[in-house]
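*Asks:* In my numbering, the protein residues as written are 12 to 265.
Got a structure for you, questions after.
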Ligand code: CO8
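So this is what it looks like as structure tokens:
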């Protein structure tokens, strides 16, 4: 079954996530498919902006919990595992993302990696890693904090609570909110408008804006190291097992 649908029209490359059996959970093979699609579009001369969206009712349920529960600390470190896609920060063309339903954990980190975020009214953004005795490993602590500031980031990351579309707009995680039925047409028209402008200039604006994210690389490297520590802890295994067994976790704080 195809889990990523790629189309290209009027200068816009469109990657639609459609892993229907697990709400677009970001397994390693699914991430590879998304990354390959994005990199292939970025390399095309006729593509001047890229849109990411979901074909399902939710945007993305985050890292694949079933897959993570079978992974050891050594495996996570050796593969630089981060429970998310890795290509978006390397994409040179403007990246627009259209979000409806839940963007959780790695799904929210994918959103945070994009350049313009268009939210449907049903969108909710959350980092539930803490409920699994885990933490973000794909930039969540860094990009969310840079987008919304320390106090909202701490609240979202330490409590696991979700921001709805209007709250996310108010704190700067989202660029625009529209009704769900207008989501894809609006996101597509934004991407098409950008694609109609001079692409060397849109690329340079993107590069320059990203330079405002001071010390991002340093923060990402430290976050990855802290994140991999979770895999060596009792509570993380317990958190993942409790999710899969649909029960409350029993954390021992180690
Ligand atoms: N991974 C794997 N499978 C998933 C995931 C997931 N993240 N989310 C949902 N599924 C599966 C469910 O198990 C279920 O499968 P089945 O039908 O076989 O039981 C199917 O998708 C449908 O899910 P639900 O029945 O739960 O659907 P609902 O509509 O009732 O609920 C939710 C949708 C609210 C999205 C709910 O599924 C949910 O809460 N999912 C988990 C969200 C979550 O906690 N995501 C964060 C994961 S952590 C992360 O992304 C960051 C990386 C952290 C790595 C930490 C390493 C140190």
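The C-beta atom is built at its ideal place from N, Cα and C for all residues, glycine as well.
Just so you know, these numbers come straight off a predicted model, no measurement behind them.
Is the segment 62-76 close to the segment 178-189, with three or more CB pairs under 8 angstroms?
*Replies:* no
*Asks:* Tell me whether the beta-carbon of residue 122 lies closer than 7 angstroms to the beta-carbon of residue 114.
*Replies:* A contact, by the Cβ cut-off of 7 angstroms.
*Asks:* Is residue 30 close to the ligand CO8? I mean its beta-carbon at under 6 angstroms from any heavy atom of the ligand.
*Replies:* no
*Asks:* Using only the alpha-carbon positions, how far apart do residue 38 and residue 170 sit?
*Replies:* Residue 38 and residue 170: Cα-Cα distance of roughly 25 angstroms.
*Asks:* Applying the criterion that 16 or more other CB atoms from any shown protein chain within 10 Å of the CB defines a buried residue, is residue 139 buried or exposed?
*Replies:* buried
*Asks:* Do three or more CB pairs link the segment 158-176 to the segment 253-263 at distances below 8 angstroms?
*Replies:* no
*Asks:* Report the residue ranges of all beta strand (DSSP E) runs contained in full by the segment 39-99; include only those spanning at least 3 residues, in chain order.
*Replies:* 60-65
*Asks:* Where do the N-terminal and C-terminal ends of the alpha helix (DSSP H) with residue 269 fall, by residue?
*Replies:* One cannot answer for residue 269 here, as it falls past the ends of the chain, which runs 12 to 265.
*Asks:* Sorry if obvious, but does the Cβ on residue 250 come closer than 6 angstroms to a heavy atom of the ligand CO8?
*Replies:* Checking the Cβ of residue 250 against the ligand CO8 gives no.
*Asks:* Quick one: what does DSSP say residue 157 is sitting in, helix, strand or coil?
*Replies:* helix
*Asks:* Should residue 264 go down as buried or exposed, given a rule of 16 or more other Cβ atoms within 10 Å for buried?
*Replies:* exposed
*Asks:* Please determine whether the Cβ atom of residue 86 lies at a distance below 6 angstroms from any heavy atom of the ligand CO8.
*Replies:* No, since every heavy atom of the ligand CO8 falls outside the 6 angstroms radius drawn around the Cβ of residue 86.
*Asks:* Please state whether DSSP places residue 27 in a helix, a strand or coil.
*Replies:* Three-state result, residue 27: strand.
*Asks:* Applying the 10 Å Cβ sphere with the 16-neighbour rule, what's the burial state of residue 212?
*Replies:* Burial call: exposed.
*Asks:* Excluding five sequence neighbours on each side, which residues of the same chain lie with their C-beta closer than 7 angstroms to the C-beta of residue 192?
*Replies:* Cβ within range, chain order: n/a, list empty.
*Asks:* Taking only the alpha-carbon atoms, compute the straight-line gap between residue 22 and residue 30 and give it to the nearest angstrom.
*Replies:* 26 angstroms
*Asks:* Please report the residue range of the beta strand (DSSP E) in which residue 115 lies.
*Replies:* 113-115
*Asks:* Hey, could you find the ends of the beta strand (DSSP E) residue 18 is sitting in?
*Replies:* First-last of the beta strand (DSSP E) with residue 18: 15-20.
*Asks:* Who are residue 221's beta bridge partners in DSSP?
*Replies:* In the DSSP output, where bridge partners are listed per residue, residue 221 has none listed.
*Asks:* From the DSSP output, in three-state form, read off residue 266 for me.
*Replies:* Since the first residue shown for the chain is 12 and the last is 265, residue 266 is missing from the structure and cannot be characterised.
*Asks:* Do residue 48 and residue 15 have their CB atoms nearer than 7 angstroms?
*Replies:* yes
*Asks:* Look at residue 136 and residue 119 and say whether their C-beta atoms are less than 7 angstroms apart.
*Replies:* yes
*Asks:* If distances are taken between C-alpha atoms only, which option among 92, 81, 205 and 130 comes closest to residue 60?
*Replies:* 205
*Asks:* Between which two residues does the alpha helix (DSSP H) harbouring residue 206 extend?
*Replies:* 194-207
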